[in-house]
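According to my numbering, numbering within the sequence shown proceeds without interruption in unit steps and concludes at 410.
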Amino acid sequence: MLTCAFAGQKKVLAAYEEAVKCGYSGARAGRLHTPHGVFDTPMFMPVGTQATVKAVSPRELKEMGAQIILSNTYHLYLRPGTELVAEAGGLHRFMDWDGGILTDSGGFQVFSLGPLRKITEEGAAFRSHIDGSTQFLSPEIAIKAQMNLGADIIMAFDECIPYPAEYQYAKLSTERTTRWAERSQKAHTRSGQALFAIVQGGMYQDLRRVSANDLVSLDFPGYGIGGLSVGEPKPVMYEMLEQTVPLLPENKPRYLMGVGTPDCLVEAVRYGIDMFDCVFPTRVARNGTAMTKSGRLVVKNAAYAKDFLPIDENCGCYACQNFSRAYIRHLLKADEIFGLRLTTIHNLYFLLDFTKKMRQAILEDRFLSFREEFLAQYCK
Ligand SMILES: N#Cc1ccc(CCNc2nc3cc4nc(N)[nH]c(=O)c4cc3[nH]2)cc1
Ligand SMILES: [Zn+2]
C-alpha cells in the first residue's frame with residue numbers, strides 16, 4: 031500500500047521581513063512506499079507516454095535517478111491495447127522498468143487530444159487521434175485499463191476543465207468529476223495499487239475548495255491536482271494551490287499534474303506539493319533546448335558552434351561529463367539521433383537533480399533561502 035511519512039519544514043517563520051514576504055512554507059520531504067520501492071519526495075516523474083521515455087533507456091533512467099515514471103492510459107488503450115500489456119506481464123515487464131510507474135487516467139488526453147469529444151454523465155466519447163475511430167472512456171473503463179497495465183499508482187477518471195471556462199460549466203464539471211471519482215473507487219479492485227483522486231474546480235477558489243473537501247471525504251491514498259498548467263497565468267496557478275493544498279491530508283501525497291519548469295516546481299513545493307510530471311524537459315530537448323539553473327540554453331544556436339564547454343560545467347549527467355556544446359550542436363544540426371538523446375538525458379537529469387536539491391534543503395531547514403537563491407538566478 032502507499033504510505034507516506036513527511037518531515038515538514040519547521041513551521042517557525044524566521045523573524046525577518048523576507049520570511050513574512052515569502053509567506054509560510056508548506057514544503058515537506060517525504061517517502062512514498064510502493065510495491066516497486068520506497069521513493070523520496072519531492073520528486074519529478076519523467077513522462078513515458080507510450081511505455082517509453084522518448085530517446086532514453088530504462089537503464090539510463092535508473093542511472094540518472096528516476097524513481098517513478100508516468101505513462102498514459104489514453105495512448106496505451108488505443109495502441110497496443112491494455113489487455114495486450116496485461117498478457118505481456120504488465121507495464122513494468124513490457125517496458126523492462128522495475129521502478130515505480132504512475133498512469134494517468136486519460137482525463138486530460140481525451141479532452142486535449144481526442145477531437146470531436148462528447149461528454150455525458152456516463153463518460154466521454156471521442157475520436158482516436160490515431161485512426162479517427164469512435165472511442166469511449168468512462169471511469170469503469172479507465173480503471174479497468176489501468177488495472178491491466180498494473181502501475182503502482184493510478185488516477186481516477188476526470189475531466190480536465192479547459193481554460194478559460196465559465197463558472198457554471200466549471201461547477202457542473204467539477205461535481206461530475208467527483209461522481210466519477212466515486213465510480214473509479216468502486217471499480218478499483220486491484221490490491222497493492224494506489225488510486226489517486228484528482229482535484230478540479232477550474233480557476234475558481236470556491237470550486238477548488240469544494241472539490242478538495244468532497245474528494246478528501248472519499249478517503250483516497252493520494253491526491254492529484256488537475257485542471258492546472260492549462261494556459262493560466264502562473265500567479266493564478268499558485269493561487270489555486272494556496273486554496274487547495276491546505277485542505278488535503280498532510281500524511282498523503284499531493285501530485286501537481288503537468289508541471290514542469292524549475293521555477294514552478296520550487297513554488298509548488300513551497301505550497302506543499304510532493305510529486306510532479308511534465309513532458310517539457312523531454313519535448314524541448316528534442317528541439318535542441320537544454321534546461322539550466324539560469325534558464326534555457328538553445329544548444330542549436332550558432333553561438334555554440336565553437337563552444338567546447340559542456341552544457342553545464344557543474345552538471346553530473348552523461349552529456350555534460352563527456353560532450354561539448356559544439357559537439358551536441360553539430361549532432362542536432364545533422365539530425366543525428368544521439369544529439370537529442372544527449373539533450374534529453376541532460377534535461378531529465380537537471381530536473382531530477384533539482385528535486386533532490388530541494389529535498390536536501392527541506393531536510394536541512396533552509397528551503398526558503400534555497401528558493402530565493404534559485405529564483406534570483408533563474409530567468410524564465
Ligand atoms: N513542452 C511542453 C508542455 C506540454 C504540455 C504542458 C501542459 C501539461 N499540463 C497538464 N497536464 C495535465 C494532465 C492531467 N491529467 C488529468 N487526468 N487531469 C488533469 O486535470 C490534468 C491536467 C494537466 N495539465 C506543459 C508543457
Ligand atoms: Zn547535464
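Note that the Cβ used here is the ideal one computed from N, Cα and C, for glycine as well.
Query: Counted within 10 angstroms of its Cβ, other Cβ atoms place Asp307 as buried (16 or more) or exposed; Result: buried
Query: Cβ neighbours of Phe187 in the same chain (closer than 6 Å, five flanking residues each side left out); Result: Ser135, Gly137, Pro169, Ala172, Trp210 and Ser214
Query: Inter-stretch contact at 8 Å, needing at least 3 Cβ pairs: the stretch 237 to 248 / the stretch 217 to 225; Result: no
Query: Secondary structure, alpha helix (DSSP H): runs of 4+ residues fully inside the stretch 118 to 156; Result: 121 to 124 and 137 to 142
Query: Inter-stretch contact at 8 Å, needing at least 3 Cβ pairs: the stretch 123 to 133 / the stretch 143 to 151; Result: no
Query: Extent of the continuous alpha helix (DSSP H) run through Tyr199; Result: Tyr197 to Ala217
Query: Cβ neighbour criterion (16 or more within 10 Å) applied to Ser203; Result: buried
Query: Contact test: Gly318 Cβ vs ligand 2 heavy atom, cutoff 8 Å; Result: no
Query: As assigned by DSSP and simplified to three states, the class of Asn344; Result: coil
Query: Backbone secondary structure at Ile392 - three-state DSSP; Result: helix
Query: C-beta atoms of Ile358 and Met94 nearer than 9 Å; Result: no
Query: Terminal residues of the beta strand (DSSP E) in which Asp70 lies; Result: Gly67 to Thr71
Query: Same chain, Cβ closer than 6 Å to His218, five either side skipped, listed in chain order; Result: Ile173 and Leu225
Query: Ranges of the beta strand (DSSP E) found wholly within the stretch 233 to 313, counting only runs of at least 3; Result: 253 to 255, 284 to 286 and 305 to 307
Query: Buried versus exposed, by CB contacts within 10 Å (16 or more), Glu403; Result: exposed
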